[in-house]
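These notes concern the structure reproduced below.
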Amino acid sequence: MQAIDLVFEGGGAKGMVFVGALEELFGAGKYGFGRLLGTSAGAITAVSLAAGLTPEMMLASLAEKDAQGKSVFEGFLGAPAPFDADAIHHSAIRKLLGELNMPFVPDVAEEKIDDWIARRLADNERGRHLYSFVERGGWFSADPFVVWMERKLNEVEIDGKPRLLGASTLGQFFAATNVEMTLVAADTTWSRMLLLNHRTAPDLPVVWAARMSMSVPLLWQEVEWQAAWGPYYTWNPAPERLEPNDIAGHVVVDGGLLSNFPISLFLADREDVAAVVGPPEHQNVLGLLIDEALPVPNCPPKPVSDKSSSFTNLRTFQRLSRLLNTATGASDNMAIAAFARHVVRLPAGGYSTTQFDMTDEERDVLVEAGRQTMRTFLADQTVFEGTREIGAGDFAPTAESTWMANDAAGTILQR
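Okay, so the sequence shown: first residue is 134 according to my numbering, each after it adds one.
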């Protein structure tokens with residue numbers, strides 16, 4: 134069995150296409166996985182694989198329903214928890230109300246009116262979303278995701294016994310699985326990419342590493358790095374070693390903010406890169422890319438519904454999302470073009486990042502599109518060149534691609 138270092142792009146709900154692709158990739162028993170690297174939805178896929186979930190188990194998870202018969206993934210867009218009285222009183226919204234002077238209203242009375250309005254907003258469901266957006270950087274809470282991820286990691290069995298990985302740190306997770314796994318996040322306080330694994334953040338809970346990586350800015354609440362999670366280690370070129378950095382209190386969001394598809398980290402053979410993401414022990418490197426430009430075959434028509442009130446349909450969110458996609462896509466698109474031989478473009482046209490409420494039919498055709506695309510890729514060896522280098526692994530990097538990857542990976546480590 135040939136091991137493949139796998140890179141998973143971020144893409145929210147569209148990441149369900151990975152499951153079909155992995156079913157086809159591992160189905161014949163020819164390939165297994167080595168190192169894993171993922172951002173956002175790709176991070177969730179990487180954690181699941183590393184923990185021991187098979188593609189078949191992942192497919193069963195995609196079909197899970199809650200007590201109301203809805204997909205459990207709809208709950209990922211969770212309502213924010215209530216704000217306490219102190220948080221409301223010291224909020225930016227309360228401060229803004231205090232700065233809006235009411236003519237002919239005494240200051241004492243105006244204070245009481247402002248407090249009343251602030252409390253009413255916080256007690257209202259939509260108002261609580263507004264508080265979450267302003268105070269915590271995201272319209273939705275992802276608390277249901279953390280609960281779900283912990284449950285899935287606790288359900289995985291080895292030798293008939295649950296592995297109980299839900300509460301494990303990245304260090305403990307590696308000790309239990311022996312899988313080199315790195316999740317990508319973005320530290321907005323530090324203005325730097327975080328590459329989260331057992332080397333760089335050994336005391337960080339694995340579910341919170343995934344939670345950080347999938348935290349789409351403005352959509353989900355930001356995550357504040359807790360002191361209990363220990364330091365974050367970065368490579369210091371002078372002594373040539375990883376050194377700790379205290380980032381307690383730093384705000385962390387989706388890694389796609391800086392790079393949604395850093396495949397060069399696995400194609401490089403630099404010492405400093407290996408010290409962070411692990412040494413390249415296998416010839417093969419393959420990146421799974423979610424391509425919105427490719428239509429999904431047999432995609433069912435969208436049902437007519439009024440979702441005009443949804444936050445994700447607001448022009449402000451869509452405008453900011455396009456800006457983020459443009460900013461991050463520039464460097465990623467260059468990497469995709471440079472390393473095209475190592476990239477499988479999985480179709481996701483017509484699906485959105487936040488489409489967690491997709492129907493069973495919509496999900497099934499998306500997963501099947503992943504299967505078909507990977508089947509074609511494996512039959513051709515590469516969908517772009519259609520050739521195979523003699524004596525090389527199926528997806529082994531060339532000397533030229535390694536040189537380009539070394540240059541790109543060095544830049545990533547400095548972000």
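For each residue, glycine too, the CB sits at the ideal point set by N, CA and C. Computed from a prediction, not measured in an experiment: that's the story for all the values here.
Exercise. Are at least three pairs of beta-carbons, each pair with one atom in the stretch 325-343 and one in the stretch 296-312, less than 8 Å apart?
Worked result: Judged by pairs of C-beta atoms under 8 Å, the stretch 325-343 touches the stretch 296-312, as three or more such pairs exist.
Problem set entry | Buried or exposed by the 16-neighbour rule on C-beta atoms within 10 Å, applied to Gln-547 | As a position in the sequence shown, residue 547 is number 414, starting the count at 1. Around the beta carbon of Gln-547, a 10 Å sphere encloses fewer than 16 other beta carbons of the protein chains shown; the residue is thus reported as exposed.
For this session: Kindly confirm or deny that the stretch 249-258 and the stretch 195-211 touch, where touching means at least three C-beta pairs closer than 8 Å.
Result: These segments do not touch.
For this session: Provide the residue(s) that pair with Val-180 in DSSP beta bridges, ordered along the chain.
Result: Position 47 of the sequence shown, counting from 1, holds the residue named residue 180. Val-180 pairs with nothing; no bridge assigned.
Exercise. Ends of the alpha helix (DSSP H) at Val-280?
Worked result: Counting from one through the sequence shown, the residue named residue 280 turns up at place 147. Val-280: member of the alpha helix (DSSP H) spanning 276-288, first to last residue.
For this session: Tell me the start and end of each unbroken beta strand (DSSP E) in the stretch 359-434 that is at least 3 residues and wholly inside, in chain order.
Result: Note on the stretch 359-434: whole beta strand (DSSP E) runs with a minimum of 3 residues are 365-369, 374-378, 384-387 and 417-428, in chain order.
Exercise. Bridge partners of Asp-320, per DSSP?
Worked result: Residue mapping note: residue 320 aligns to position 187 of the sequence shown, counting from 1. Here Asp-320 is bridged, per DSSP, to Arg-325 and Val-385.
Exercise. By how many angstroms is the C-alpha of Asp-424 removed from the C-alpha of Ala-275?
Worked result: Locating residue 275 in the sequence shown gives position 142, where the first residue counts as 1. Locating residue 424 in the sequence shown gives position 291, where the first residue counts as 1. Rounded to the nearest angstrom, the two C-alpha atoms are 25 Å apart.
Problem set entry | CA-to-CA distance, Ala-334 to Leu-170, given in whole angstroms | As a position in the sequence shown, residue 170 is number 37, starting the count at 1. As a position in the sequence shown, residue 334 is number 201, starting the count at 1. A straight line joining the alpha-carbon of Leu-170 with that of Ala-334 spans about 15 Å.
Problem set entry | alpha helix (DSSP H) segment containing Ala-101, residue limits | What the structure shows of the chain is the stretch from 134 to 548, and residue 101 is not part of that stretch, so it cannot be assessed.
For this session: Since I believe Phe-394 is in contact with Ile-469 (beta carbons under 8 Å), could you give me their beta-carbon distance rounded to a whole number of angstroms?
Result: For this step, residue 469 is matched to residue 336 along the sequence shown. For this step, residue 394 is matched to residue 261 along the sequence shown. Confirmed, about 7 Å.
Problem set entry | Pair within 7 Å by beta-carbon distance, Gly-167 and Phe-141 | Numbered from its first residue, the sequence shown carries residue 167 at position 34. Numbered from its first residue, the sequence shown carries residue 141 at position 8. The answer is no: Cβ separation not under 7 Å.
Exercise. Can you name the start and end residues of the beta strand (DSSP E) that Gln-135 belongs to?
Worked result: Along the sequence shown, one-based indexing puts residue 135 at 2. First-last of the beta strand (DSSP E) with Gln-135: 135-141.
For this session: Identify every residue that forms a DSSP beta bridge with Gly-211.
Result: Residue 211 sits at position 78 when you count from the first residue of the sequence shown. Gly-211 pairs with Ser-274.
Exercise. How big is the Cα-Cα spacing for Phe-266 and Phe-273?
Worked result: To locate residue 266, count along the sequence shown from 1; it is residue 133. To locate residue 273, count along the sequence shown from 1; it is residue 140. If I take the Cα positions, the gap works out to 8 Å.
Problem set entry | Cβ neighbour criterion (16 or more within 10 Å) applied to Asp-493 | Counted from its first residue, the sequence shown places residue 493 at position 360. By the neighbour-count rule (16 or more Cβ atoms within 10 Å), Asp-493 is not buried but exposed.
Exercise. Tell me which same chain residues have a C-beta within less than 7 Å of the C-beta of Ala-225, skipping the five on either side of it?
Worked result: The residue labelled residue 225 in the question sits at position 92 within the sequence shown. Once the five neighbours on either side are set aside, the close Cβ partners of Ala-225 are Val-267 and Glu-268.
Exercise. With a cut-off of 8 Å, do at least 3 Cβ pairs link the stretch 381-394 to the stretch 147-164?
Worked result: Taking 8 Å as the limit for Cβ pairs, the verdict is that the stretch 147-164 does not touch the stretch 381-394.
Exercise. What span of residues does the beta strand (DSSP E) with Gly-483 cover, start to end?
Worked result: Within the sequence shown, the letter at position 350 stands for residue 483. Taken as a continuous stretch (DSSP letters only), Gly-483 belongs to no beta strand (DSSP E), as it is neither H nor E.
For this session: Have a look at Val-429 and Val-498 and give me their C-alpha separation to the nearest angstrom.
Result: Counted from its first residue, the sequence shown places residue 429 at position 296. Counted from its first residue, the sequence shown places residue 498 at position 365. Using only the alpha carbons, I get a separation of about 7 Å.
For this session: With DSSP collapsed to three states, give me the class of Glu-518.
Result: Position 385 of the sequence shown, counted from the first residue, corresponds to residue 518. Low confidence applies to Glu-518: its pLDDT is 42, below 50, so where it sits in the model is not reliable, and the reading given next is rough at best. Here Glu-518 sits in coil by DSSP.
Exercise. In three-state terms, what does DSSP make of Ser-173?
Worked result: Looking up residue 173 in the sequence shown gives position 40. Residue state, collapsed to three classes: coil.
Exercise. What's the call for Ile-579, buried or exposed, on a 16-neighbour Cβ count within 10 Å?
Worked result: Shown here, the chain extends from 134 to 548; a query on residue 579 therefore has no answer.
For this session: Classify Glu-313 as helix, strand or coil using the three-state DSSP reduction.
Result: Translated into the one-based positions of the sequence shown, residue 313 becomes position 180. Glu-313 falls in the coil class under three-state DSSP.
Exercise. Thinking C-beta only, is Phe-510 closer than 7 Å to Ile-396?
Worked result: Taking the sequence shown and counting its residues from 1, the one referred to as residue 396 is at position 263. Taking the sequence shown and counting its residues from 1, the one referred to as residue 510 is at position 377. Going by C-beta atoms, Ile-396 is not nearer than 7 Å to Phe-510.
Exercise. Mind checking Gln-359: buried by the 16 CB within 10 Å criterion, or exposed?
Worked result: Position 226 of the sequence shown holds residue 359. Classification of Gln-359: exposed, given that the 10 Å Cβ count is below 16.
For this session: Kindly confirm or deny that the stretch 180-200 and the stretch 144-155 touch, where touching means at least three C-beta pairs closer than 8 Å.
Result: The stretch 180-200 makes contact with the stretch 144-155: 3 or more CB pairs, one atom from each, lie closer than 8 Å.
Problem set entry | Backbone CA spacing between Ile-137 and Pro-213 [nearest angstrom] | For this step, residue 137 is matched to residue 4 along the sequence shown. For this step, residue 213 is matched to residue 80 along the sequence shown. Their Cα atoms are separated by approximately 40 Å.
Problem set entry | Reduced DSSP secondary structure (H/G/I, E/B, other) of Lys-198 | Position 65 of the sequence shown, counting from 1, holds the residue named residue 198. Assignment of Lys-198 by DSSP, reduced to helix, strand and coil, places it in the strand class.
Exercise. How do the stretch 361-369 and the stretch 306-319 stand: do at least 3 beta-carbon pairs fall below 8 Å, yes or no?
Worked result: They do not touch, by the three-pair rule.
Exercise. Do you know whose CA, among Glu-495, Ala-408 and Leu-210, lies nearest Pro-372's CA?
Worked result: Stepping through the sequence shown from its first residue, residue 372 is reached at position 239. That would be Ala-408, whose Cα lies nearest to the Cα of Pro-372.
Exercise. Among Glu-533, Phe-237, Lys-285 and Lys-294, which one has its Cα closest to the Cα of Leu-195?
Worked result: If you number the sequence shown from 1, residue 195 lands on position 62. The shortest C-alpha to C-alpha distance from Leu-195 to any of Glu-533, Phe-237, Lys-285 and Lys-294 is the one to Lys-285.
Problem set entry | Beta-ladder partner(s) of Tyr-164, from DSSP | What you label residue 164 is simply residue 31 of the sequence shown in a count that begins at 1. Beta-bridge analysis with DSSP links Tyr-164 to Gln-135.
Exercise. Just reading off the beta strand (DSSP E) that Leu-352 is part of, what are its end residues?
Worked result: Counting from 1 along the sequence shown, the entry for residue 352 is found at position 219. Its beta strand (DSSP E) spans residues 351-353.
For this session: Kindly list the residues whose CB is nearer than 7 Å to the CB of Val-406, restricted to its own chain and excluding five residues on each side of it in sequence; keep chain order.
Result: Here residue 406 refers to the residue found at position 273 when the sequence shown is read from its first residue. Leu-398, Ala-542 and Leu-546, listed in sequence order.
Exercise. According to the Cβ coordinates, are Val-418 and His-475 closer than 7 Å?
Worked result: Locating residue 418 in the sequence shown gives position 285, counting from the first residue. Locating residue 475 in the sequence shown gives position 342, counting from the first residue. Cβ distance < 7 Å, so Val-418 and His-475 count as in contact.
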